[in-house]
Structure formats: structure tokens, C-alpha cells
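See the structure below:
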């Protein structure tokens, strides 16, 4: 089966590609290798994938393309004709969306439109795409469920992800494209993004520099280990979205549709205090953090917590990595990769 994975040099994308290659799939990777964070880390992930495919070199092909390039994406779809698409490419980061909104519009809206068009015109059997827990915005009714309204985003990043869900649903309705949206909750682990808290904290702690702890440390996050995320993504790829025969147009459920479109939370379903996360990281690194307490940042939310019962019922998703073990693995990788 030929599967196209966008964002294949990214944190989640590379891990998904590695798992697909391990089970013998033919994987086409796409990434623009932009400089939002250190491209050397992206190149290192690609080298890992090349090594994973060394026994069958034709099983892995990488294309450096920008999904916002309409003609390039159209030509790629026509050339490789994938049966499945896992769309993970996006301009990530909540805070950066306050500084550079155009990057989010180009990648997350224009680029996603090009992916939908490619799926539409080339008979893709299933599209799995990345949404985000940020779509819940100002909602404080925890845990978040897919049945709740997500009409109050507090960042442009969140707004683009909500727009992706609406765009995908429209294509499912008009063209019968099966599509599944996954709302990721604070993914962490080896090979993570340098702009996210675990990497920022580890770097600062080992350098003896202060870490910025927002909202005076009163934050809770549904930290989810990368291996658990990958297991859920692959399981969804294997089970295309279907219409909900019980869908009630008089009381529409945001999680399902009369069209072959589904939206699921994918998280740990066990939110943790940020200060507890920091304490575990200190223990794993053998160093104490210098905490610089700061107020809440624009576009941020105080707490996230995922209700993942719908995804468990759909594909049997059940995270199995305790936070202590996940942080230990992350810290070990960080020391090894950066020679810290």
C-alpha cells in the first residue's frame, strides 16, 4: 500500500513513517524542511528513516516540497497515486501564530486545500489529518470531548485547525472522501520539537539557565508519549471513516456526520500538573531547574484534558506509557543526541 505522509521530517511525521516502514508499507514522504526550527534535526530524522528502509530502498521516497505549492502537490499526487494520505504538515506553534500569521494561512489553510484536492482527484481511499486540542479554545469544561462545540478559538493556529475540520467535512460530503481528523494533545518524547516545553526545559536545565514557567506554574496538560500517538494514528489509517447512520440533523453531533468524516481526541486521558512534569524531568536529568514564573501568555490555555473514549471504541486506542517512563526515555535520547 502506498501511503503519502506530509510533514515526514517532523516529530510525529517521522515517527509515523518509521512505524509504517517497519510493517512493510511503501511510504512517500513530503516536507519543506523550513527553518521554523533547526533543519539539522529534521535531516537527522530523515537519515533515521533512510536507515529504516535500507533493506528495501524502494519502500521510502522523500520529496522536499511545500504543500502551499499547488502545481508541485498536484504533480506529486498524479505521479505516486497514493491509496492513503496522512497529513501532518502544518505551521505549528500557538505563540508563533501571533508573530507570523501569514505562515499559518499559507500552510494550514492553502496547503491543506491542495492536499484535499489531491485526494479528491486521485481516488485516495482514506485521509487522516492532524487537528489539535487547541481547537477547544476558551472551553473550560474538562475533559474535552468531541461532542463539545469548538467555536471559540483563542489563537490563529487553533482557528486554522478548526477550519481544517470544516474543509475536510465539506470534501467528505461533496466527493465521498473518507477522512479522519485527530486532535493531538501535547505530544512529547524522543526526537521532539525544539520549540516545545520538554526540549526547551531540558536544554535550559542542563545549561543552568532559567526555564520560563507560564501562569505561575498553574498549568495542566494531557502529555501523550509519541509511541502511543503513533499507534493511534496507524490504527485510524487502517479503519477509514464511515458515515454515522444514527446522525440526527435536528441535533447534530460535532464528532460525526452523515458524511464519511470523523473527529477524535488522541491524548493520554490523564492530565498532569506542569510542575510535576518539571520535577520528573529534573529527576531524569539529575539537575534542578531554575524556574522563572511568568503570567499566562496570549493564545494559551490553563488546562487541557482529553476524553479519548470515542477513539478507544473506534480502534481500541489506549495509551500505555506512564509519564515517568516517557520522560526517562526522552531525557536519555536528549543526552545522547545532543551530547549533553
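In the numbering used here, the protein residues as written are 6 to 345. Note that the Cβ used here is the ideal one computed from N, Cα and C, for glycine as well. These numbers were taken from a predicted model, which means no experiment stands behind them.
Classification of residue i by the beta-carbon crowding that lies within 10 angstroms, buried from 16 upward
| i | result |
| --- | --- |
| residue 203 | buried |
| residue 273 | buried |
| residue 226 | buried |
| residue 253 | exposed |
| residue 255 | exposed |
| residue 69 | exposed |
| residue 213 | exposed |
| residue 341 | exposed |
| residue 343 | exposed |
| residue 73 | buried |
| residue 182 | buried |
| residue 251 | exposed |
| residue 131 | buried |
| residue 126 | exposed |
| residue 145 | exposed |
| residue 104 | exposed |
| residue 51 | buried |
| residue 180 | exposed |
| residue 171 | exposed |
| residue 257 | exposed |
| residue 276 | buried |
Close-in-space but distant-in-sequence residues of the same chain around residue i (CB under 6 angstroms, 5 per side omitted)
| i | result |
| --- | --- |
| residue 1 | Nothing in the structure corresponds to residue 1, since the chain is present only between 6 and 345. |
| residue 210 | 290, 292 and 294 |
| residue 138 | 188, 190 and 309 |
| residue 247 | 265 |
| residue 20 | 231 and 235 |
| residue 143 | 157 and 159 |
| residue 115 | 73 |
| residue 62 | none |
| residue 75 | 119 |
| residue 283 | 294 |
| residue 249 | 261 |
Cβ neighbours of residue i in the same chain (closer than 7 angstroms, five flanking residues each side left out)
| i | result |
| --- | --- |
| residue 298 | 218, 221 and 222 |
| residue 58 | 26, 64 and 65 |
| residue 151 | 259, 260, 268, 269, 270 and 315 |
| residue 161 | 102, 106 and 109 |
| residue 167 | 140, 155 and 158 |
| residue 339 | 207 and 345 |
| residue 24 | 235 and 239 |
| residue 285 | 328, 329 and 332 |
| residue 323 | 317 |
| residue 134 | 92, 169, 173, 184 and 186 |
| residue 287 | 210, 293 and 294 |
Which listed residue (the options) has its alpha carbon closest to that of residue i
| i | options | result |
| --- | --- | --- |
| residue 110 | 127, 124, 164 and 146 | 164 |
| residue 302 | 159, 149 and 61 | 159 |
| residue 147 | 325, 310 and 200 | 310 |
| residue 186 | 245, 198, 96 and 275 | 245 |
| residue 215 | 292, 11, 9 and 143 | 292 |
| residue 228 | 279, 175 and 88 | 279 |
| residue 40 | 124, 95 and 84 | 95 |
| residue 12 | 99, 6, 205 and 113 | 113 |
| residue 199 | 44, 124, 29 and 33 | 44 |
| residue 233 | 257, 326, 205 and 144 | 326 |
| residue 305 | 98, 171 and 178 | 98 |
| residue 197 | 175, 171, 178 and 231 | 231 |
| residue 281 | 307, 224 and 262 | 224 |
| residue 201 | 53, 20, 42 and 287 | 42 |
| residue 178 | 60, 275 and 262 | 262 |
| residue 123 | 49, 136, 90 and 100 | 90 |
| residue 18 | 36, 85 and 307 | 36 |
| residue 60 | 85, 29 and 277 | 29 |
| residue 54 | 83, 16 and 312 | 16 |
| residue 313 | 249, 149, 176 and 296 | 149 |
| residue 205 | 153, 83, 176 and 296 | 296 |
Cβ neighbours of residue i in the same chain (closer than 8 angstroms, five flanking residues each side left out)
| i | result |
| --- | --- |
| residue 320 | 237, 240, 241, 243 and 244 |
| residue 87 | 7, 8, 9, 33, 127 and 129 |
| residue 300 | 219, 220 and 221 |
| residue 153 | 141, 144, 146 and 259 |
Distance cut-off 6 angstroms: residue i Cβ against heavy atoms of the ligand ZN
| i | result |
| --- | --- |
| residue 34 | With respect to small molecules bound, the structure shown includes none, and the ligand ZN cannot be examined in it. |
Q) Are the segment 68-84 and the segment 113-122 in contact at 8 angstroms, needing three or more beta carbon pairs? A) Yes, the segment 68-84 touches the segment 113-122.
(Q) Assess contact between the segment 187-203 and the segment 328-341, defined as three or more Cβ pairs (one per stretch) separated by less than 8 angstroms. Is contact present? (A) Counting C-beta pairs with one atom in each stretch, the segment 187-203 and the segment 328-341 have three or more that are closer than 8 angstroms, which means they touch.
Q) Along the chain, which unbroken stretches of the beta strand (DSSP E) at least 3 residues long are found entirely within the segment 123-174? A) Counting whole runs of 3 or more residues, the segment 123-174 contains the beta strand (DSSP E) stretches 131-137.
Q. Which runs of the beta strand (DSSP E), 3 residues or longer, sit entirely within the segment 280-328?
A. Correct list: 295-298.
**Q.** Sequence ranges, alpha helix (DSSP H) only - wholly within the segment 176-221, length at least 4
**A.** Fully enclosed alpha helix (DSSP H) runs of 4 or longer: 202-212.
**Q.** Continuous alpha helix (DSSP H) assignments of at least 4 residues falling wholly in the segment 23-54
**A.** The qualifying runs do not exist here; there are none.
Q. What are the start and end residues of each continuous alpha helix (DSSP H) run of 4 or more residues lying completely inside the segment 54-85, in chain order?
A. Runs found: 75-85.
**Q.** Entirely enclosed beta strand (DSSP E) segments - the segment 217-285, minimum 3 residues
**A.** Taking 3 residues as the shortest admissible run, the segment 217-285 contains the following complete beta strand (DSSP E) segments, listed from N- to C-terminal end: 266-271.
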